[in-house]
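*Asks:* Take this structure, written in structure tokens, and hold onto it; I'll ask about it next.
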Amino acid sequence: MKFKLFITCLLFVGCSSKPEDVIKEKPWFAEEATMRGVDFIFESGFKDFPYNPEIISGGVALLDVDGDLDVDIYFVQGGSIVDKSQTEFANQLFINDGSGHFSNGTAGSGAGDTSYGTGVTTGDYDKDGDVDIYITNVDANVLLRNEGNGTFVDVTKIAGVGEKRWSSSAAFFDMDNDGDLDLYVANYIDWSHETELECKAKSGLLDYCHPQAYRAPAKDLLYRNNGDGTFTDVSVASGIRSVWGNGLGVAVGDVNEDGFLDVLVANDKMNNQLWVNQGDGTFIDEAIVSGVAVDANGEPKAGMGTDFADVNNDGLLDLLIVNLFGETDSLFLNNGGWFSDGTPMSGLSAISRSNTRFGTGFRDLNNDGFLDLYFSNGNVRLPDLITTDDPYAEENIVVQGNGTGRFVEVFPKGGVVNQIAKTSRGIAYGDVNGDGAMDIVVQNRDALPYLLINQNPGGGGFVKLQLRNTFGALVQDGVVRFTLGATKMRREVRTSGGFCSAHDPTLHIGIGNAQSITDVEITWPDGTKQEIVDVLAGETVVIHQIK
Numbered sequence: 290m291k292f293k294l295f296i297t298c299l300l301f302v303g304c305s306s307k308p309e310d311v312i313k314e315k316p317w318f319a320e321e322a323t324m325r326g327v328d329f330i331f332e333s334g335f336k337d338f339p340y341n342p343e344i345i346s347g348g349v350a351l352l353d354v355d356g357d358l359d360v361d362i363y364f365v366q367g368g369s370i371v372d373k374s375q376t377e378f379a380n381q382l383f384i385n386d387g388s389g390h391f392s393n394g395t396a397g398s399g400a401g402d403t404s405y406g407t408g409v410t411t412g413d414y415d416k417d418g419d420v421d422i423y424i425t426n427v428d429a430n431v432l433l434r435n436e437g438n439g440t441f442v443d444v445t446k447i448a449g450v451g452e453k454r455w456s457s458s459a460a461f462f463d464m465d466n467d468g469d470l471d472l473y474v475a476n477y478i479d480w481s482h483e484t485e486l487e488c489k490a491k492s493g494l495l496d497y498c499h500p501q502a503y504r505a506p507a508k509d510l511l512y513r514n515n516g517d518g519t520f521t522d523v524s525v526a527s528g529i530r531s532v533w534g535n536g537l538g539v540a541v542g543d544v545n546e547d548g549f550l551d552v553l554v555a556n557d558k559m560n561n562q563l564w565v566n567q568g569d570g571t572f573i574d575e576a577i578v579s580g581v582a583v584d585a586n587g588e589p590k591a592g593m594g595t596d597f598a599d600v601n602n603d604g605l606l607d608l609l610i611v612n613l614f615g616e617t618d619s620l621f622l623n624n625g626g627w628f629s630d631g632t633p634m635s636g637l638s639a640i641s642r643s644n645t646r647f648g649t650g651f652r653d654l655n656n657d658g659f660l661d662l663y664f665s666n667g668n669v670r671l672p673d674l675i676t677t678d679d680p681y682a683e684e685n686i687v688v689q690g691n692g693t694g695r696f697v698e699v700f701p702k703g704g705v706v707n708q709i710a711k712t713s714r715g716i717a718y719g720d721v722n723g724d725g726a727m728d729i730v731v732q733n734r735d736a737l738p739y740l741l742i743n744q745n746p747g748g749g750g751f752v753k754l755q756l757r758n759t760f761g762a763l764v765q766d767g768v769v770r771f772t773l774g775a776t777k778m779r780r781e782v783r784t785s786g787g788f789c790s791a792h793d794p795t796l797h798i799g800i801g802n803a804q805s806i807t808d809v810e811i812t813w814p815d816g817t818k819q820e821i822v823d824v825l826a827g828e829t830v831v832i833h834q835i836k
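Numbering (the working numbering), first residue to last: 290 to 836.
Structural data, given as structure tokens:
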């Protein structure tokens, strides 16, 4: 059943210009972490002996913790792998003042978990209208319940979601369409610092081990929300324990359009899993039959970050998995029941091969109406010749999409002037200063993060949609279809995707020089559909699901 809804809109006066007038030499971003008050450093803990989690972690989240309609930043922290008594290294919460400037709000918030962190995901698991935080750690994971005033309580034991494994990416999603958020947790390897292996680079120096050296891929976890603040571990009953790998990236989307959300797990040097939801609480891995388990040569790659999006505007969800130095990315195009490897034709092969990519995700980064990509890079093995203080550091990359599934690299490199290479990991997308352009927070190993403020180089217009369900929380499992000009498009409302991080669920849509988007249809997580009036350029629209 479809509804027509009239909405109160918040007007922001945006700019517009033709997409073809974009000046590619103009930087897309300005790095402003320090000037905006973000002074966090992820401490890997590396000293003399390399422990594998030091080179894999960590994540970052953009979320509205206090309900003031702007996005705050949550950083996962590392610390010491060996000495767990060290408590000075804690996750950090930075509060947005409404203008995109931040102050450290960790003290007294209850958000400063001191475990060695890997990643983070967000969602309103208890349906009280505010966003909660789930932290993946090298040891026990942690669930923080938002008390509605920007403070948090550790409810891990009560909720039953604190199993001790080295977890990586996670995602809240509604697996059974019952209206509450369930939880998928990818695990990397069965590992402990007591049994860490000694591995060396070609130079003979101690280095981080390849995951296959451990021969210990870890089984993932799936928790079903009971609706009372607790979860039940349904990993075995659901079927997701039938196969497993070295899980790093998780993406959620309805790949077969049956009304139930599916889960993609990107595995490091093992077959990926595509868990297709059967609608009865069980999942079947269809990665092999769908064509996304391995690359076109039949080989598994070092799957890290991953994301779903409709990159060629055919109405179907395509899939990106990013990989290791020397390997191309894998862009799998959805053909309506099976995927084909579209990487060679996309332009991503040459762009991606020279770096090790972790964080990524499809967003319109220049407001021209087409999806672009940011890649956060950093090697996991020492180079043959060490010439810098951080031998794992690599420059990050921005690529511009044209709506047909093809991409070109943006210069200057990384979209910024004089980019300083770091070892980058998780990224989070969101409009931190409320100007209608998509900004990015990048987590860097043993260095300050990047806070990339979008300069909107093409001057394109935008609309923003905030979908709120019947109990007032921001939706993170919705789909929005609309028409821009003469092109029908779809966009996913998600917090998950990428690598070990969580994004602001506010849907940002670049519209170039158009004056509006039309024929807007929302598919809510429970499958109901809702039409809204056309949305004009520069508007931020809050849409409430009709009960």
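A virtual CB, placed ideally from N, CA and C, is assigned to each residue, including glycine.
Since we're looking at a predicted model, the values are computed, not measured.
Here's the rule I'm using: 16 or more other beta-carbon atoms within 10 Å means buried, otherwise exposed. How should Q804 be labelled?
*Replies:* That one is exposed.
*Asks:* Can you tell me which of the three DSSP states V611 falls into?
*Replies:* It is coil, neither helix nor strand.
*Asks:* Does the contact criterion of 3 or more C-beta pairs under 8 Å hold for the region 393-406 versus the region 748-763?
*Replies:* No, they do not touch.
*Asks:* With a cut-off of 8 Å on the beta carbons, I'd call A319 and I709 a contact; round off their distance for me.
*Replies:* In fact, because the Cβ distance is near 13 Å, the residues do not count as touching under 8 Å.
*Asks:* Using a Cβ-Cβ cut-off of 6 Å (strictly less than) and excluding sequence neighbours within five positions of V565, which residues of its own chain qualify?
*Replies:* Counting only Cβ-Cβ distances below 6 Å, and skipping sequence neighbours, we find D551, I573 and E575.
*Asks:* Please decide whether N561 counts as near chain C, where near means a Cβ-Cβ distance under 7 Å.
*Replies:* Protein chains in the displayed structure number just one, and chain C is not present.
*Asks:* Could you spell out the range, first to last residue, of the alpha helix (DSSP H) harbouring L637?
*Replies:* Run containing L637: L637 to S641, per the alpha helix (DSSP H) assignment.
*Asks:* Can you tell me whether DSSP reads M778 as helix, strand or coil?
*Replies:* It is a strand residue.
*Asks:* Would you list the residues sitting across from Y405 in a DSSP beta bridge?
*Replies:* The partner list for Y405 (beta bridge, DSSP) is empty, contrary to what the question assumes.
*Asks:* Relative to the alpha-carbon of A540, which residue among D547, G570, S458 and G493 has its alpha-carbon at the smallest distance?
*Replies:* Among D547, G570, S458 and G493, the Cα nearest to that of A540 belongs to S458.
*Asks:* For my contact list, Y348 and C789 are in at a C-beta cut-off of 8 Å; report their separation, rounded to the angstrom.
*Replies:* At residue 348 the sequence reads Gly, which differs from the Tyr that was named. Between C789 and G348 the Cβ distance is about 3 Å, and since that is below 8 Å, they are a contact.
*Asks:* Between V730, W813, Y718 and V731, which has its C-alpha nearest L763's C-alpha?
*Replies:* Residue W813 is the option with its Cα nearest to L763.
*Asks:* Bridge partners of A319, per DSSP?
*Replies:* DSSP, once it has assigned bridges, lists I742 as partnering A319.
*Asks:* Note down, in chain order, each residue of its chain lying with its Cβ closer than 6 Å to the Cβ of E698, except the 5 sequence neighbours on either side.
*Replies:* Around E698: I640 and V688.
*Asks:* When the Cβ atoms of the region 612-628 are set against those of the region 730-739, are three or more pairs found closer than 8 Å?
*Replies:* As far as the Cβ criterion goes, the region 612-628 does not touch the region 730-739, which means the pair count is below three.
*Asks:* For A582, count neighbouring C-beta atoms within 10 Å of its own C-beta (all shown protein chains included) and say buried if the count is 16 or more, exposed if not.
*Replies:* It counts as buried.
*Asks:* Buried or exposed: where does A502 fall if 16 or more other Cβ atoms within 10 Å of its Cβ makes it buried?
*Replies:* Exposed, because fewer than 16 other Cβ atoms sit within 10 Å of the Cβ of A502.
*Asks:* Would you tell me roughly how many angstroms separate the C-alpha atoms of V360 and I832, rounded to the nearest one?
*Replies:* Approximately 18 Å between the Cα atoms of the pair.
*Asks:* Does the beta-carbon of V420, which I'm using as the reference point, lie nearer than 6 Å to any heavy atom of the ligand MG?
*Replies:* Questions concerning the ligand MG fall outside what the structure shown contains, since it holds no ligand whatsoever.
*Asks:* Out of N612, E828, T571 and D603, point me to the one whose CA is closest to P589's CA.
*Replies:* Nearest C-alpha to P589: N612.
*Asks:* Which residues in the same chain as V838 place their Cβ atom closer than 8 Å to its Cβ, once the five residues preceding and following it in sequence are excluded?
*Replies:* Any answer about residue 838 is impossible in this case: the structure gives the chain only from 290 up to 836.
*Asks:* A717 and T411 - do their beta-carbons sit closer together than 7 Å?
*Replies:* No, Cβ-Cβ distance for T411 and A717 is not below 7 Å.
*Asks:* Relative to the C-alpha of F462, which candidate in D599, T784 and S643 has its C-alpha closest?
*Replies:* That would be T784, whose Cα lies nearest to the Cα of F462.
*Asks:* Would G650 and S665 be called neighbours here (beta carbons separated by less than 7 Å)?
*Replies:* No.
*Asks:* Would you call D310 buried or exposed, if buried means 16 or more other Cβ atoms sit within 10 Å of its Cβ?
*Replies:* The predicted position of D310 is uncertain, since its pLDDT is 34 and thus under 50; a value taken from the coordinates is nonetheless stated next. Per the 10 Å Cβ criterion, exposed.
*Asks:* Taking only the alpha-carbon atoms, compute the straight-line gap between S492 and N685 and give it to the nearest angstrom.
*Replies:* Those two C-alpha atoms are separated by around 26 Å.
*Asks:* Quick check for students: name the residue ranges of the beta strand (DSSP E) that lie wholly in the region 690-732, counting only runs of 3 or more.
*Replies:* Correct list: 696-698 and 713-719.
*Asks:* Do E332 and F378 have their C-beta atoms within less than 7 Å of each other?
*Replies:* In this structure, F378 lies closer than 7 Å to E332 by Cβ.
*Asks:* What is the rounded straight-line gap between the Cα of Q755 and the Cα of M324?
*Replies:* Cα to Cα, the separation comes out at about 28 Å.
*Asks:* Excluding five sequence neighbours on each side, which residues of the same chain lie with their C-beta closer than 7 Å to the C-beta of D596?
*Replies:* Here the set comprises A540, L609, T649, G650, F651, G786 and G787.
*Asks:* Just mark W627 as buried or exposed, buried being the case when its beta carbon has 16 or more other beta carbons within 10 Å.
*Replies:* By the neighbour-count rule (16 or more Cβ atoms within 10 Å), W627 is not buried but exposed.
*Asks:* Return the chain-ordered ranges of every beta strand (DSSP E) run that is complete within the region 537-578 and spans a minimum of 3 residues.
*Replies:* The qualifying runs are 551-556, 562-566 and 572-574.
*Asks:* What's the gap between the Cα of E820 and the Cα of G604?
*Replies:* Going from the Cα of E820 to the Cα of G604 covers about 17 Å.
*Asks:* Verify whether the separation of the beta carbon atoms of N476 and P500 is less than 7 Å.
*Replies:* Contact flag unset, no.
*Asks:* DSSP three-state call for A448: helix, strand or coil?
*Replies:* Looking at A448 - three-state DSSP - the assignment turns out to be helix.
*Asks:* Is DSSP giving P500 helix, strand or coil here?
*Replies:* Looking at P500 - three-state DSSP - the assignment turns out to be helix.
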